[in-house]
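Read the structure below first, then the notes.
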Amino acid sequence: MSDASGSALAEPRAPHPEADAKRPFKLGFHTRISFPTGRAADGLRDGIELFRAGEQLGYDAGWAYQRHFDNYLAAPLVFLPVVAQHTTRITLGTAIVGMRYEAPILMAEAAGTADLLTDGRLQLGLGTGMGGFDVVFGQPPNDGRDQSQAKLELFMRGIRGVPVGVVNEPAGPLTPGLELTVRPTSPTLPERVWFGAGSVASAERIAGQGLRLMTSTILTGRFDDYGVEQARLIDAYHDAHTGTAPPRVAVSRSILPTTSPELARLYAAYDHERRTQGPGASRPQGALDARTELSALPFTVSQTIHGGPEAVAEALLSDPAVAMADELIAFLPPAFDLAHNRRLIEEIAEMANGRLGWRPAEPPTDQH
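The end of the sequence shown is residue 1545 by the working numbering, with every number in the run present.
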C-alpha cells in the first residue's frame, strides 16, 4: 500500500471490479526532455531519438513537458513539429503547457501551425502551470487559476476559428470593424485538447468545457490512497462531461519494471528521491535547486511502482484509476539519459503487451 508521501508499492491492492486485462487502451510515455547545463542541443536530439524509439516499439503516444527557466524543454510547440519529421504515426503531446504565462492568440497560431505540420498528430495537454514567474512575465503576482481559465477561453476561440476581435483602428489595408480570426487553424485540433486536473472540482470544470481529462502524478490535498481518490476524480469528470466529442481520460504513473540487480538499485534510488523530494526528484546536472520538505506541501505524489514485471503489472491492474483510463502514460524519471529511457520504455512495452492486454501498433515501414 502507499502512504501520502508516495512510497513504493510493496504489494498490489485487491483487483478493482472495473480492472480488465483485456480492455483496450492506449499507451504513452511522458518525458521532460532534460539536459545538463551546456548540452541543451544534445538533450533535444536525444528527445527526438526517444520518440523514434517509442514509435518503433508501438507506443501510441509520446508526451513532452514544458518548464521555463530550467534544464528542460521550454517550447514543445517548436520541438514536436521537428519530431514529426522523424516519425510517421505516434501522436505528439504537450503535457503540460501552463496557460498562465501564454499569450493565447500567439499560442493558437503556433498550435494550428504545429498541428498542420504534424499531419494532425498533435495532442494539446494544457494546465494552469507552475507559478513563481509572474513578475518576469510582466503580470502582478496571482495564483494563476482565474488567469489561465481566461486565457484558455480565448485560446479555444482561436483554434476553433471563432472571431477573437475586430480591427479597432486603421491597420495598413485593414479597415476598422473587420472581424479577426486566427489563421491557420486545423479543423480537428479542438477535439484533441486535454486539461490537467488535480481535484474533483477541476475535473468537473474540465468536463463542463468538453475537454479531455489529463490526470498527473500529483493530486491536490493529502490522501492515503492515491488511486482511489483519482478514480473519484475521474468519476466526477464522466458524470459532468458535456460537448460533442466523447470524454477521454489519460492517467500518468511512474512505472519501473525491474529486470536486473543494477536496475533494482537505480529504481530504488529514484523511488527514495521521489518519496522525499516529490517534484524535485531526479534533476539533471545544473538544474534549478528544488529541494523542499515534501510533507509540508499541500498535495499527494503518486507511488513509484517498481519491482518485477509481474508485480508491476498486478499493481497497475489493481489501480482503480488506471482501470478507468483511455490512455496510460508512463512518466519517465526526468534525469534519465537516452540509454536508460530507451531501455525503460522497451521493458514497459513488453510488460504492457504481455500482461496488461495492450497491443503495440505496427512499426512504421518508412524509416527516417
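Glycine included, C-beta positions come from ideal geometry on N, C-alpha and C.
Exercise. How many angstroms separate the CA atom of R1209 from the CA atom of A1288?
Worked result: Inter-residue distance for R1209 and A1288 is about 19 Å (C-alpha atoms, whole angstroms).
Exercise. Going by other Cβ atoms of all chains shown within 10 Å of its Cβ, with 16 needed for buried, is A1529 buried or exposed?
Worked result: Under a 10 Å Cβ-count criterion, A1529 is classified as buried, with 16 or more other Cβ atoms of the shown protein chains found around its own Cβ.
Exercise. My guess is that T1419 and G1387 are in contact by the Cβ rule of under 8 Å, so how many angstroms apart are they, rounded?
Worked result: About 5 Å; that satisfies the 8 Å criterion.
For this session: Would you check if the region 1504-1515 and the region 1221-1228 touch, i.e. whether three or more CB-CB distances between them fall below 8 Å?
Result: A contact exists between the region 1221-1228 and the region 1504-1515.
Exercise. When you compare each of Q1300, D1503 and V1377 to I1267 by their alpha carbons, which one comes out closest?
Worked result: Closest by alpha carbon: Q1300.
Problem set entry | Given I1336 as reference, the closest of L1366, V1478, S1325 and R1425 once Cα atoms are compared | Nearest option by C-alpha distance: L1366.
Exercise. Around the Cβ of P1438, are there at least 16 other Cβ atoms within 10 angstroms (buried) or fewer (exposed)?
Worked result: P1438 is exposed by the Cβ-count criterion.
For this session: Compute the distance between the beta-carbons of I1525 and P1423, then report whether it is under 8 Å.
Result: Cβ distance not < 8 Å, so I1525 and P1423 don't count as in contact.
Exercise. Can you name, in chain order, every residue of its own chain whose Cβ lies under 7 Å from the Cβ of T1295, other than the five neighbours on each side?
Worked result: Cβ within range, chain order: L1257, P1258, A1261 and L1269.
For this session: Give the straight-line distance between the Cα atoms of A1374 and V1428, rounded to the nearest whole angstrom.
Result: Rounded to the nearest whole angstrom, the C-alpha separation of A1374 and V1428 is 11 Å.
For this session: Check whether the region 1308-1317 touches the region 1337-1351, counting contact only when three or more Cβ pairs, one atom from each stretch, lie closer than 8 Å.
Result: When C-beta atoms of the region 1308-1317 are compared with those of the region 1337-1351, fewer than three pairs fall below 8 Å, so the two segments do not count as touching.
Exercise. Under 8 Å between the Cβ atoms of F1202 and L1410?
Worked result: When the beta-carbon positions are compared, F1202 and L1410 stay at least 8 Å from each other.
Exercise. Got a sec? Which residues, its chain only, sit under 6 Å from D1292 by beta carbon, not counting five neighbours each side?
Worked result: Excluding residues within five positions, the ones whose Cβ falls inside 6 Å are L1299, S1363 and L1366.
For this session: Give the secondary structure of G1309 by DSSP, where H, G and I count as helix, E and B as strand, and everything else as coil.
Result: Coil at G1309, not helix or strand.
Problem set entry | Expected contact under 8 Å - CB spacing of I1432 and V1489 to nearest Å | So it is a contact: roughly 6 Å between Cβ atoms.
For this session: Note down, one range per segment and in chain order, each beta strand (DSSP E) of at least 3 residues found wholly within the region 1246-1301.
Result: Unbroken beta strand (DSSP E) stretches of 3 residues or longer found wholly inside the region 1246-1301: 1268-1275, given in chain order.
For this session: Assign K1199 to buried or exposed, taking buried as 16 or more other Cβ atoms, counted over all protein chains shown, within 10 Å of its Cβ.
Result: For K1199, the predicted model reports a pLDDT of 42, less than 50, meaning its position is unreliable; a value from the coordinates is still stated below. Answer is exposed; the Cβ neighbour count stays below 16.
Exercise. If we ignore side chains and look at the alpha-carbon of each, how far apart do L1329 and R1442 end up?
Worked result: So the two alpha carbons sit approximately 43 Å from each other.
Exercise. Does the beta-carbon of D1466 have 16 or more other beta-carbons within 10 angstroms, so that it is buried, or is it exposed?
Worked result: It is exposed - the Cβ of D1466 has fewer than 16 other Cβ atoms within 10 Å.
Exercise. Enumerated in chain order, which unbroken segments of the alpha helix (DSSP H) with a length of 4 residues or greater are wholly contained in the region 1347-1402?
Worked result: If we require 4 residues or more, the alpha helix (DSSP H) runs fully inside the region 1347-1402 come out as 1377-1385.
For this session: Can you grab the Cα-Cα spacing for the pair P1486 / G1531, in whole Å?
Result: A direct Cα-Cα distance of roughly 10 Å separates P1486 from G1531.
Exercise. If we count the other Cβ atoms within 10 Å of its Cβ and call it buried at 16 or more, is F1372 buried or exposed?
Worked result: Buried is the call here.
Exercise. Cα separation between I1383 and R1389?
Worked result: In this structure, the CA atom of I1383 is about 7 Å from the CA atom of R1389.
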